[in-house]
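Trainee: Numbering (our numbering), first residue to last: 12 to 330.
Just so it is clear, CB atoms sit at the ideal spot from N, CA and C, and this is done for glycine as well.
Here the structure is a predicted model, which means the values were calculated and not measured.
Below is the structure:
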């Protein structure tokens, strides 16, 4: 169920929705957009049965009551643009078995406010250097939406999969008669667990062009520069010591070494950690869940870290 604080009157609004994902590309872009526009909160989806706590938080030696992720709606009105905006920010992705229902809940609400088009963001892992400018790829629910992609510098993604809510929402949107566009920011494979402001900026700038917005993205530039310098220290080390050729993409072996060195800067979203923990618990009771678990580990490129624990599911005969 959703809870509304107000019911704004919107002019032909577009929805921009985002959740945590690789490089935190999507959520960072949408959060930055909300903050810079000063979009106002007007509602939220009650956690209800969409999220299932999988552990306990401890503070000052005391276990706290379960805290559920927030899933909030914001709106922005400006007479200078044709389309007002509804921005949805999800702190975490819902439980796997509830994702479809959750998407329907969002679309049912925004449909009442006249939304006909949905935008989401996602990450596109690629064999590239962290110093390269990220390309932006796009996918659409209807071919007519892609006709101006070239003008925006967007490459069309012909096939593949967008995992999680940043992808599923568009599939459900198409099913319900909405238009939809997903903008995917390119990022290096070896940085998928690290927040990537440069990729967030890339997709956000394309969105702004598409909807006719002017937005100051200089703060993302500053963040990207700082992070690039940190990553560069590790990459340069491997190059100096002869384990990497300047003109070749960083190899899988080098990627692993860099990721190990970047431990202090590496962070998988809490929602992803909780989902993995939950899937391990479920796989112990039902081994068929192992396939879904493996896909989630691969998605974050952390299977090697969990390999022994994963294989133990089969050795111990939890099925």
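By the DSSP assignment, the alpha helix (DSSP H) with residue 45 in it spans what residues?
Mentor: Against the chain shown, residue 45 aligns to sequence position 34. 36–48 is the extent of the alpha helix (DSSP H) around residue 45.
Trainee: Using CA coordinates, which residue listed in 200, 54, 144, 212 is at the minimum distance from residue 15?
Mentor: The residue labelled residue 15 in the question sits at position 4 within the chain shown. Comparing Cα-Cα distances from residue 15 to each of 200, 54, 144, 212, the minimum goes to 54.
Trainee: Name, in chain order, the residues that DSSP records as bridge partners for residue 311.
Mentor: In the chain shown, the residue the question calls residue 311 occupies position 300. Looking at the DSSP assignment, residue 311 forms no beta bridge with any residue, so it has no partner.
Trainee: Between the stretch 143–160 and the stretch 168–175, do three or more beta carbon pairs fall short of 8 angstroms?
Mentor: These segments touch.
Trainee: Run through DSSP, which three-state label would residue 116 get?
Mentor: The residue you call residue 116 lines up with position 105 of the chain shown. The answer is helix: DSSP assigns residue 116 an H, G or I state.
Trainee: Can you check which of these residues, 312, 322, 206, 316, is closest to residue 40 by C-alpha distance?
Mentor: For the purposes of this step, residue 40 is identified with residue 29 of the chain shown, where counting begins at 1. Among 312, 322, 206, 316, the Cα nearest to that of residue 40 belongs to 206.
Trainee: Assign residue 67 to one of three DSSP states: helix, strand, or coil.
Mentor: Here residue 67 is taken as the residue at index 56 of the chain shown, counted from 1. Here residue 67 sits in coil by DSSP.
Trainee: Ends of the beta strand (DSSP E) at residue 83?
Mentor: Position 72 of the chain shown holds residue 83. It spans 82–87 - the beta strand (DSSP E) in which residue 83 sits, taken as one unbroken run.
Trainee: Could you give the DSSP three-state label for residue 176: helix, strand or coil?
Mentor: Looking up residue 176 in the chain shown gives position 165. Helix at residue 176.
Trainee: Nearest-angstrom Cα distance between residue 25 and residue 90?
Mentor: Along the chain shown, read from residue 1 onward, the residue named residue 25 stands at position 14. Along the chain shown, read from residue 1 onward, the residue named residue 90 stands at position 79. For residue 25 and residue 90, the distance between alpha carbons rounds to 14 angstroms.
Trainee: What residues are listed by DSSP as bridge partners for residue 152?
Mentor: Position 141 of the chain shown, counted from the start, is the residue given in the question as residue 152. Paired residue(s): none; residue 152 is not in a bridge.
Trainee: Under 9 angstroms between the Cβ atoms of residue 112 and residue 61?
Mentor: Mapped onto the chain shown, residue 112 falls at position 101. Mapped onto the chain shown, residue 61 falls at position 50. Taking a C-beta distance under 9 angstroms as the contact criterion, residue 112 and residue 61 qualify as a contact pair.
Trainee: Under 8 angstroms by Cβ, that's how I've got residue 231 and residue 199 pegged, so tell me the actual separation to the nearest angstrom.
Mentor: Translated into the one-based positions of the chain shown, residue 231 becomes position 220. Translated into the one-based positions of the chain shown, residue 199 becomes position 188. 17 angstroms between Cβ atoms; not a contact.
Trainee: Which residues does DSSP list as the beta-bridge partners of residue 56?
Mentor: The residue given as residue 56 occupies position 45 in the chain shown. Per DSSP, 13.
Trainee: From the DSSP output, in three-state form, read off residue 160 for me.
Mentor: One-based indexing of the chain shown puts residue 160 at position 149. Note: residue 160 maps to coil in three-state DSSP.
Trainee: For residue 259, which three-state DSSP category applies?
Mentor: Walking along the chain shown from the start, residue 259 turns up at place 248. With a pLDDT of only 48 at residue 259, under 50, the local geometry of the prediction cannot be trusted, and the value read off the model is given with reservation. Coil at residue 259, not helix or strand.
Trainee: For the structure I just gave you, are there three or more beta carbon pairs, one from the stretch 18–35 and one from the stretch 120–134, closer than 8 angstroms?
Mentor: yes
Trainee: For residue 237, count neighbouring C-beta atoms within 10 Å of its own C-beta (all shown protein chains included) and say buried if the count is 16 or more, exposed if not.
Mentor: Against the chain shown, residue 237 aligns to sequence position 226. With fewer than 16 other Cβ atoms within 10 Å, it is exposed.
Trainee: Can you tell me the Cα-Cα spacing of residue 166 and residue 194, whole angstroms?
Mentor: By one-based count along the chain shown, residue 166 stands at place 155. By one-based count along the chain shown, residue 194 stands at place 183. Computed Cα separation, rounded: 10 angstroms.
Trainee: Drop a sphere of 10 angstroms on the beta-carbon of residue 310, count the other beta-carbons inside from all chains shown, and report buried for 16 or more, exposed for fewer.
Mentor: Here residue 310 corresponds to residue number 299 of the chain shown, with the count starting at 1. When all chains shown are included, residue 310 counts as buried.
Trainee: Quick one: give me the first and last residue of the beta strand (DSSP E) that residue 216 is part of.
Mentor: Translated into positions along the chain shown, residue 216 becomes position 205. Here residue 216 belongs to no beta strand (DSSP E); instead the alpha helix (DSSP H) covers 208–222.
Trainee: Based on Cα-Cα distance, which residue from 243, 21, 220, 321 lies nearest to residue 127?
Mentor: Indexing the chain shown from 1 puts residue 127 at position 116. Per the Cα distances, 21.
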